[in-house]
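Asker:
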Amino acid sequence: MKLCASKPLSTIRALELSEIWAGPFCGCLMGNMGAEIIKVESIQRIGRGPINPPSNAGGYPDDDPGNDPWNRQSNFNAINRNKKSLTLDLKTEQGLNAFKDLVSQSDIVFCNYARTVMENFGLSYDEVRKIKPDIIYMLMPGYGNTGPYADYRSMGMAIDAITGHSFLRGYPDMDHSSNSLVHHPDAVAATNGVMAIASALVHRTKTGEGQFIDMSQAESFMTHLGEIYLENQMQSFSRQRRGNRHPDFAPQGVYKCSGEDNWIAISIKSDADWSKFKATVGNNNLNSDVFDTLAGRQQHHDQIDKVINEWTCSQDRYDVLNRLQSDQITSGVVLDCGSDSYADPHLNERDFFQIVEHPSAGIYPMTGPIFKFESSNGHVIHNPAPCLGQDNMYVLKEVLGYGTDKITQFEANEIIGTVPLPGSDMGGSRRVAK
Amino acid sequence: MPFGALEEIIVLDLSDRLAASFCAKTLGLYGCEVIKVESLEGDPLRQWTSPTQNGQVDDSPIFLHLNAGKKSISMDLHSKKGQSLLADLMKVSDVVIESQKPGHWEEKGLAYNQIKNINPSIIFTSVTPYGQTGPYKNFAYDELTLFAMTGAMNREGLPDREPLRYAGEIAQYFAGNAAAAATASTLFKRTLTGEGDWLDISIQECMAGHPHQIGRRAPYIYAGEPDPRSQPRTSASGAREPYAVGTFRCKDGYFSFLPLGPRMWPNIAKMINREDLMTHPKYDDTIKRSENKDELEAIFQAWLNDKTREEIFKAVQAAGVPGSPILQPEEVHKNEQFIARDFFQDVTHPNGQTLRMTGDPFRLSNTANSQIEPAPTLGQNTTQVLQNLLHMSNDEIEALTTEKII
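Protein sequences appear in the order of chains U and V. All you need for the numbering used here is the position in the first sequence, starting with 1, plus 91. All you need for the numbering used here is the position in the second sequence, starting with 1, plus 48.
#1: Does the CB of G122/U have a neighbour CB from chain V at under 8 Å?
#2: Below 8 Å between beta carbons: does that hold for M123/V and I453/V?
#3: Specify, as a first and last residue, the run of the beta strand (DSSP E) that D305/U falls within.
#4: Can you check which of these residues, S358/U, H275/U and K191/U, is closest to V490/U by C-alpha distance?
#5: Can you grab the Cα-Cα spacing for the pair Q416/U / K362/V, in whole Å?
#6: Could you tell me whether any Cβ in chain U is nearer than 8 Å to the Cβ of A215/V?
#7: In its own chain, which residues sit with a C-beta less than 8 Å from the C-beta of Y228/U, not counting the 5 before and 5 after it?
#8: The alpha helix (DSSP H) that contains W365/U, what's its start and end?
#9: Between I304/U and chain V, is any beta-carbon pair separated by less than 8 Å?
#10: Mind checking F566/U: buried by the 16 CB within 10 Å criterion, or exposed?
#11: Taking Cβ positions, are S133/U and T178/U nearer each other than 8 Å?
#12: Excluding the 5 residues flanking V279/U on each side, which residues of the same chain have their C-beta closer than 7 Å to its C-beta?
#13: Return the chain-ordered list of same chain residues with a C-beta closer than 7 Å to the C-beta of F368/U, the five sequence neighbours on each side being excluded.
#14: Expressed to the nearest angstrom, what Euclidean distance is found between the alpha-carbon atoms of Q349/V and P280/V?
#15: So, is the C-beta of Y291/V closer than 8 Å to a C-beta in chain U?
#16: At the level of alpha carbons, what is the spacing between Y204/U and R389/V?
#17: Given a threshold of 16 other Cβ atoms within 10 Å of its Cβ, counted over all protein chains shown, does L133/V qualify as buried or as exposed?
#18: For the beta strand (DSSP E) that contains A205/U, what are its first and last residues?
#19: Going by C-alpha to C-alpha distance, which of W112/U, G114/U and W161/U sits closest to S451/U?
#20: Does the beta carbon of L426/U sit closer than 8 Å to a beta carbon anywhere in chain V?
#21: According to the Cβ coordinates, are R213/V and N353/U closer than 8 Å?
#22: Using a C-beta to C-beta distance shorter than 9 Å, which residues of chain V count as neighbours of Q481/U?
#23: Can you give the Cα-Cα distance for P377/V and K182/U, rounded to whole angstroms?
#24: How about the segment 229 to 243 of chain V and the segment 399 to 412 of chain U: do they share at least three Cβ pairs that are nearer than 8 Å?
#25: Rounded to whole angstroms, what's the CA-CA distance from F392/V to Y455/U? Just pull it up for me.
#26: Kindly give me the distance between the Cβ atoms of P99/U and K237/V, rounded to whole angstroms, as I take these residues to be in contact under 8 Å.
#27: Taking Cβ-Cβ distances below 9 Å as the criterion, which residues of the segment 374 to 398 of chain V are in contact with chain U?
#28: Measuring only the C-alpha atoms, how far is D264/U from R330/U?
#29: Report yes if the C-beta distance between I251/V and P177/V is below 8 Å; otherwise report no.
#30: Buried or exposed: H258/V, going by 16 or more other Cβ atoms within 10 Å of its Cβ?
#31: Using DSSP with H/G/I as helix, E/B as strand and the rest coil, what is V411/U?
#32: Quick check: is the beta carbon of N270/U nearer than 8 Å to any beta carbon in chain V?
#33: Between the alpha carbons of L60/V and D394/V, how many angstroms are there, rounded?
#34: Grab me the residues of A230/V's own chain with a C-beta within less than 8 Å of its C-beta, minus the 5 sequence neighbours each way, in chain order.
#35: I need the straight-line Cα distance from L479/U to I129/U, nearest angstrom please.
#36: Going by DSSP in three states, V523/U sits in which element: helix, strand or coil?
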């Protein structure tokens, strides 16, 4: 599909060497903004889930991994939309040379593997810029490319832990071993990655210079916690876990509604909100003067929560939401990522979901882009994730101008391909159905 | 000097909430000149959970963080004169960042579709809780209630208890970051075409379209898999080692682990000096390790009990096992990695206090890191901005001051 010319990055080609979330989401966002993202994979090492998943493996269309599970894995297909797939065996001279040829036709190379992976292929920034001096090249290891942790392995949850965010998460009445693992920093690395790349593109237009972008996933995320680090220096006490509560708003919490595992979040942000709220709840137990101040409500928070829960527990969560919002009382229903969000009227009215036809996985409404541009008039790009090696011919023939003989040789030497080789299974995270 | 990629770009920051303010701050870190336009009363975030230091009320930590490096101009935005002054500023700016309810600027003649007539290449970035359209567009929100509506909350916490938010203001920061990335991408297009644009960024959609949520939504739509909260130590994935997943107590705190599958088992056995377990009939394959999870967890815990986070961190890195110590926030800026990279910078504020503040979320090879500057006091740069951008005379500025427009 021809990319829409009005998109911010539609003149740009980027090479993605990435797995899991941070790098792939970075490519996904740039793809949504019109960039041509060529995901460089290999048939020697598969980052698309297991090649022969067990029969109970979840996450495949209709629970059927099919004959080509690597093209049908739900997480992969959701986050690799709007990309092309090229397979290359970078451990061979032919594969490496093809990559170098492709670099000369590209604007950006980005990688979220461990820091030394590209260097070991002979594709360090210094090598790559010999081929294309104005290349923009980004490595995004967990702790950055320098310092004592430069070669430490990490994942989103590791960054969540080391930045202090894990310490502040969780139920205040339980210890940290009850914490779930959260990988949110992966996504932050992706948005910061796009930010850095876009800025480097502006810089390149003005000066002709490329850049090496040293992205630390930890530092990226730490800019989202800045006030917490300042509090420690400005106050005589440190922030402790707050759960669903807030120092300036009370009551605040998540309350049970009718149905299974249905909840509503409510924040009372002022005394004026409180007086509207208690009138809506209409329970005399809330009428005490003591509750008319923030301090009083905080002191008796558990008692107030009990009354609110009694009020919400027999009601439909959306009824409570609409009633509270009609008074501009801060509230929101807890939506899950499945049926709730697909049924949400607001997300639907904004066309958040996009029907996507995938050649192997079928036709499904998938999560759409997160940016809306006036200039697009509602037209969003949403091409399916590529099948493995789907665009080998396009890249080798059309972008690089290789002849048929050379391409046939690439196939024979297993430099390219569309089916994983035996031994290429890297496993990977996946769900177990039900 | 800040990194020059976006130098000479003038950003008008009209934000009064976190996400839009962080969007503007991020653009500032890449070299934009960010002019914060405040009402005469000031950004409400100045007084957000404001702490007192020696009894003195200061701007809040969140304000100081979000506005480091910005300039402040304060004006009466309710008055016609103030609005006309703002229109003049929009005319000479490159980017406007705003967070008001949809329709707010239209009434004042200051919406994108009105301003683009006087400045066709302006980029207007609106960062609002639910976007410019749809039934929730005027909903009241805060981090808790918005986070609930993104899909992120439903999975956080224990199955038999209420769902939890993350700590901090995570959804709003994330959306601010995403909005900055989209704005910078649009700035790039503008360098080629001269075209402006209006960006409608919904904080809800940013979090709902985040990999965490995408990764849960896809198995639902492909195969009807539900998305419940689970026990923290039961890995959602059958491919992971079941006993060393999650957060564990150790000698001086807590440590998080996420071994990535059966191939990690030998690494773990070696790490805890129990290679004998690799051939033990109770533990020699994934299913058996799963069935004997409690016993293995006890062995693992015994190894952890007399070790510090630091010792465990060295051990997991040597063994190639994904894991990381949980630091307390006050430990973060003392961490050797962040010190080695000079991530935090000492910044002296107008009240004389020196604070260690977060630096750049990136390093670029061709330029030095940003020098982090303190947040401005209210209206600190009013005169300077009006002189430099609108070439106003001292008399004109004095007249506006007398009329209480600025």
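Using N, Cα and C, we set each Cβ at its ideal position, and we do this for glycine too.
Answerer: So, from the listed chains and residues:
#1: By one-based count along the first sequence, residue 122/U stands at place 31. No, G122/U lies away from the interface with chain V (no Cβ there is under 8 Å from its Cβ).
#2: One-based indexing of the second sequence puts residue 123/V at position 75. One-based indexing of the second sequence puts residue 453/V at position 405. The answer is yes: Cβ separation under 8 Å.
#3: For this step, residue 305/U is matched to residue 214 along the first sequence. Its beta strand (DSSP E) spans residues Q302 to D305.
#4: Here residue 490/U refers to the residue found at position 399 when the first sequence is read from its first residue. Per the Cα distances, K191/U.
#5: If you number the first sequence from 1, residue 416/U lands on position 325. If you number the second sequence from 1, residue 362/V lands on position 314. When rounded, the distance between both Cα atoms is 51 Å.
#6: Numbered from 1 along the second sequence, position 167 holds the residue referred to as residue 215/V. Closer than 8 Å: yes.
#7: Within the first sequence, numbered from 1, the residue matching residue 228/U stands at position 137. Once the five neighbours on either side are set aside, the close Cβ partners of Y228/U are I199, V200, F201, Y216, V219, R220, G301, Q302, F303 and I304.
#8: For the purposes of this step, residue 365/U is taken as the residue at position 274 of the first sequence. Looking at the DSSP string, the run of the alpha helix (DSSP H) that includes W365/U is D362 to V372.
#9: Mapped onto the first sequence, residue 304/U falls at position 213. Closer than 8 Å to some Cβ of chain V, the Cβ of I304/U qualifies, so yes.
#10: Beyond the ends of chain U as shown, which are 92 and 525, falls residue 566/U; an answer cannot be given.
#11: Reading the first sequence from its first residue, position 42 is the one you call residue 133/U. Reading the first sequence from its first residue, position 87 is the one you call residue 178/U. Yes. Within cutoff.
#12: For this step, residue 279/U is matched to residue 188 along the first sequence. Around V279/U: S311, F312 and H315.
#13: On the first sequence, residue 368/U is found 277 positions in, with the first residue counted as 1. Correct list, in chain order: I359 and I420.
#14: What you label residue 349/V is simply residue 301 of the second sequence in a count that begins at 1. What you label residue 280/V is simply residue 232 of the second sequence in a count that begins at 1. Rounded to whole angstroms, Q349/V to P280/V spans 16 Å at the Cα level.
#15: As a first step, residue 291/V must be located in the second sequence, where it is residue number 243. Not an interface residue.
#16: For the purposes of this step, residue 204/U is taken as residue 113 along the first sequence, with counting starting at 1. For the purposes of this step, residue 389/V is taken as residue 341 along the second sequence, with counting starting at 1. Approximately 20 Å, taken between the alpha carbons.
#17: Residue 133/V sits at position 85 when you count from the first residue of the second sequence. Looking at its Cβ environment, which holds 16 or more other Cβ atoms inside 10 Å, L133/V is buried.
#18: Taking the first sequence and counting its residues from 1, the one referred to as residue 205/U is at position 114. Per DSSP, A205/U belongs to no beta strand (DSSP E) and is neither H nor E.
#19: By 1-based counting over the first sequence, the position of residue 451/U is 360. Checked all of W112/U, G114/U and W161/U; the closest Cα to S451/U is W161/U.
#20: Sequence index remark: in the first sequence, residue 426/U carries index 335 (1-based). By this cut-off, L426/U is an interface position.
#21: The count along the second sequence starts at 1 and reaches residue 213/V at position 165. The count along the first sequence starts at 1 and reaches residue 353/U at position 262. Not a contact, by the Cβ cut-off of 8 Å.
#22: Counting from one through the first sequence, the residue named residue 481/U turns up at place 390. What Q481/U touches in chain V: nothing, since even the nearest Cβ is about 19 Å away.
#23: Here residue 377/V corresponds to residue number 329 of the second sequence, with the count starting at 1. Here residue 182/U corresponds to residue number 91 of the first sequence, with the count starting at 1. Taking the straight line joining both Cα atoms gives about 43 Å.
#24: no
#25: Stepping through the second sequence from its first residue, residue 392/V is reached at position 344. Stepping through the first sequence from its first residue, residue 455/U is reached at position 364. One C-alpha to the other measures close to 46 Å.
#26: Numbered from its first residue, the first sequence carries residue 99/U at position 8. Numbered from its first residue, the second sequence carries residue 237/V at position 189. Correct: roughly 4 Å between the Cβ atoms.
#27: I374, L375, Q376, P377, E378, E379, V380, H381, N383, E384, Q385, F386, I387, A388, R389, F391 and F392
#28: Here residue 264/U is taken as the residue at index 173 of the first sequence, counted from 1. Here residue 330/U is taken as the residue at index 239 of the first sequence, counted from 1. Rounded to whole angstroms, D264/U to R330/U spans 15 Å at the Cα level.
#29: What you label residue 251/V is simply residue 203 of the second sequence in a count that begins at 1. What you label residue 177/V is simply residue 129 of the second sequence in a count that begins at 1. Contact: yes.
#30: For the purposes of this step, residue 258/V is taken as residue 210 along the second sequence, with counting starting at 1. Classification of H258/V: buried, given that the 10 Å Cβ count is 16 or more.
#31: Sequence index remark: in the first sequence, residue 411/U carries index 320 (1-based). In this structure, V411/U counts as helix in the three-state DSSP scheme.
#32: What you label residue 270/U is simply residue 179 of the first sequence in a count that begins at 1. Yes, contact with chain V.
#33: Residue 60/V sits at position 12 when you count from the first residue of the second sequence. Residue 394/V sits at position 346 when you count from the first residue of the second sequence. Approximately 26 Å, taken between the alpha carbons.
#34: Within the second sequence, residue 230/V is the residue found at index 182, counting from 1. Around A230/V: T173, L247 and I249.
#35: On the first sequence, residue 479/U is found 388 positions in, with the first residue counted as 1. On the first sequence, residue 129/U is found 38 positions in, with the first residue counted as 1. If I take the Cα positions, the gap works out to 12 Å.
#36: In the first sequence, residue 523/U corresponds to position 432, counting from 1. Because V523/U carries a pLDDT of 41, less than 50, the predicted location of this residue cannot be relied on, and the following value inherits that uncertainty. In this structure, V523/U counts as strand in the three-state DSSP scheme.
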